[in-house]
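The opening position of the sequence shown corresponds to residue 56 in the working numbering, with each subsequent residue numbered one higher.
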Amino acid sequence: EVADGDGDGVITLEEFVEVMEKSAGPRGLGMLPQVGSVEAVAAARAHIAAGRQVLQEMLEAGVRVSLVTMNALVDTCVDAASLGPSGENGDVACVHACVRDALAILRLAKANGITPNARSYNALVRLWAVAAGAGMGDAAIEKALEVVEEMRKGGVPPDCVVFNTVLHACARAAFAGNGGGVARALGIIERIRAAGLRPDSVSFTTVINAARHEGTPEAVTLAYTIFQKMPPASRVPQTYTVMIHALAKVGRATE
Numbered sequence: 056e057v058a059d060g061d062g063d064g065v066i067t068l069e070e071f072v073e074v075m076e077k078s079a080g081p082r083g084l085g086m087l088p089q090v091g092s093v094e095a096v097a098a099a100r101a102h103i104a105a106g107r108q109v110l111q112e113m114l115e116a117g118v119r120v121s122l123v124t125m126n127a128l129v130d131t132c133v134d135a136a137s138l139g140p141s142g143e144n145g146d147v148a149c150v151h152a153c154v155r156d157a158l159a160i161l162r163l164a165k166a167n168g169i170t171p172n173a174r175s176y177n178a179l180v181r182l183w184a185v186a187a188g189a190g191m192g193d194a195a196i197e198k199a200l201e202v203v204e205e206m207r208k209g210g211v212p213p214d215c216v217v218f219n220t221v222l223h224a225c226a227r228a229a230f231a232g233n234g235g236g237v238a239r240a241l242g243i244i245e246r247i248r249a250a251g252l253r254p255d256s257v258s259f260t261t262v263i264n265a266a267r268h269e270g271t272p273e274a275v276t277l278a279y280t281i282f283q284k285m286p287p288a289s290r291v292p293q294t295y296t297v298m299i300h301a302l303a304k305v306g307r308a309t310e
């Protein structure tokens, strides 16, 4: 009824697209709680709880559950954490609740002989990255690194993707003014190399972004040095964009 613009009883594709564009999606129509609210997180966690219950019933009935299913549910925990009162940076209480949800899901997986993989661990690191931007700062970065260590001990070699997620935590913490920053990010780069991996364009772009959010002349100068040393082939459009924004932030836009 909401989308039936001409009242002819038939909702055409054009009518549906028009109303969704005007409303900015289901949340604008009141079908879901608004992002940036405790209610949105509560609604998301209610769906997660229902999913956990279904998984429990499946396992009790002897139904084989794949790691793909478990990971999908853990991913929803990350999405839920990002719905909190501080927009995309989440909210500490909300993030903690979602971390507990994710850990409970992974415990259930392990108890039933399902071994977490790189994606499972990366989802936990993503949760701590949200927490880093929600006020936990360096404490959340440490939690993320603990997950990386647990990953290694569990026989799952950390890859560049998971380390890049830790780098995002450094950038988010700097944006929130609560730790992180370029020096901390460079420490993660060293961990990447120590693991026998090669930092990629995402790695260095995120380091520069951490400097941008830190916003001091010293941080930006260090980031610019890193940028200049990067092989041109490893620079992506976002690398240039972030570097330009960082320089502009300290009055060096003409460079």
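Built from N, CA and C at the ideal position, the CB exists for glycine as well.
Distance CB(residue i)-CB(residue j) smaller than 9 Å
i	j	result
residue 161	residue 175	yes
residue 203	residue 221	yes
residue 179	residue 129	yes
residue 190	residue 231	yes
residue 259	residue 243	no
residue 120	residue 113	yes
residue 192	residue 233	yes
residue 149	residue 103	no
residue 224	residue 250	no
residue 266	residue 288	no
residue 305	residue 272	yes
residue 183	residue 195	yes
residue 152	residue 100	yes
residue 187	residue 227	yes
residue 138	residue 96	yes
Alpha carbon of residue i to alpha carbon of residue j, nearest angstrom
i	j	result
residue 98	residue 136	11 Å
residue 268	residue 291	19 Å
residue 82	residue 93	For residue 82, the predicted model reports a pLDDT of 42, less than 50, meaning its position is unreliable; a value from the coordinates is still stated below. Whole-angstrom Cα-Cα distance: 14 Å.
residue 247	residue 205	16 Å
residue 299	residue 159	43 Å
residue 276	residue 165	46 Å
residue 274	residue 125	40 Å
residue 235	residue 115	44 Å
residue 168	residue 197	28 Å
residue 262	residue 214	17 Å
residue 312	residue 303	A question about residue 312 goes unanswered here, because the residues of the chain that appear run from 56 up to 310.
residue 143	residue 134	Confidence is the limiting factor: at residue 143 the pLDDT is only 44, short of 50, which leaves the residue's position unreliable and the question unanswerable from this model.
residue 177	residue 210	14 Å
residue 105	residue 310	54 Å
residue 240	residue 281	12 Å
residue 264	residue 293	10 Å
residue 157	residue 308	43 Å
residue 87	residue 201	For residue 87, the pLDDT reaches just 42, beneath the cut-off of 50, and the residue's location in the model is therefore unreliable, although a value from the coordinates is still provided. If I take the Cα positions, the gap works out to 34 Å.
residue 283	residue 170	42 Å
residue 118	residue 147	36 Å
residue 80	residue 212	Note on residue 80: pLDDT 42, under 50, position unreliable in the model; the coordinate value appears next. Cα-Cα distance, rounded: 39 Å.
Within-9 Å CB hit, residue i to chain B
i	result
residue 171	Annotation note: the requested chain B is absent from the structure, which comprises a single protein chain.
Within the region 169–208, note down every full alpha helix (DSSP H) run reaching 4 residues or more, in order along the chain.
173–186, 193–208
Between the region 207–227 and the region 248–258, can you find at least three pairs of beta-carbon atoms closer than 8 Å?
yes
Suppose only complete runs of 4+ residues qualify. What are the alpha helix (DSSP H) ranges in the region 114–155, listed by chain order?
The alpha helix (DSSP H) runs lying completely inside the region 114–155 and spanning 4 residues or more are 122–136, given in chain order.
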